[in-house]
Amino acid sequence: MRSVKNSRFYNEILEEFKYSFGELYVFQGYVISEIYEGETIGWECGEQMVKDVSSFLNTNGGDLIFITNRINSYSVIASDWLKFFKHSYSLKSYFVVSSNSVGTLNSTIEKLFFKKKIRHFNSLDEAILEAKSMLVESFDK
3 MRSVKNSRFY NEILEEFKYS FGELYVFQGY VISEIYEGET IGWECGEQMV KDVSSFLNTN
63 GGDLIFITNR INSYSVIASD WLKFFKHSYS LKSYFVVSSN SVGTLNSTIE KLFFKKKIRH
123 FNSLDEAILE AKSMLVESFD K
């Protein structure tokens, strides 16, 4: 698995946010997170990312696809998705990129609290191409 920084899509980034727990890359219509090894991600981390993206793009997220590029092993407090929705945030779609069973297991638990379908991908390129395809389909409607 590789980072966004080492992908062919890096030059399309509109904005980068660096945090103590990871990095967030904003593209046109989608956002990619890469969380550092060993971190535990809960609403406090999520809220900071949401506020930064919302402010930068002037959106509540309903038109965005969120891609979590799980290149490192970390934990997610899955129940904190309830806080995300409680604050009237939303996502068009949620993609998980992971090549190992731990990433898939984490997202299985997240499904209990996330209101929409979580889509899984084995590579970042696959996830980005699908996001771009979904955005084109939305634009064509």
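First residue of the sequence shown? That's 3 in the numbering used here, and the numbers climb one at a time after it. Here a beta-carbon is modelled for each residue, glycine too, at the ideal position from N, C-alpha and C. Model, not experiment: these values are computed from the prediction.
- Here N71 is bridged, per DSSP, to V99.
- Per DSSP, V6 lies in no beta strand (DSSP E) segment and is marked neither H nor E.
- Here DSSP, grouped into helix, strand and coil, assigns Y38 to coil.
- Spanning the alpha carbons of S35 and S90 requires a straight line of approximately 21 angstroms.
- Straight-line spacing of the CA atoms in L131 and K88 works out to 30 angstroms.
- Bridge partners of E18 according to DSSP: Y27.
- Sequence-distant partners of L26 (beyond 5 residues in either direction) whose C-beta falls short of 6 angstroms from its own C-beta, in its chain, are F19, S35, M51.
- DSSP places F11 in the coil class of the three-state scheme, outside both helix and strand.
- When the Cα atoms are used, W45 and V138 turn out to be separated by approximately 31 angstroms.
- Secondary structure at I130: helix, using DSSP grouped into helix, strand and coil.
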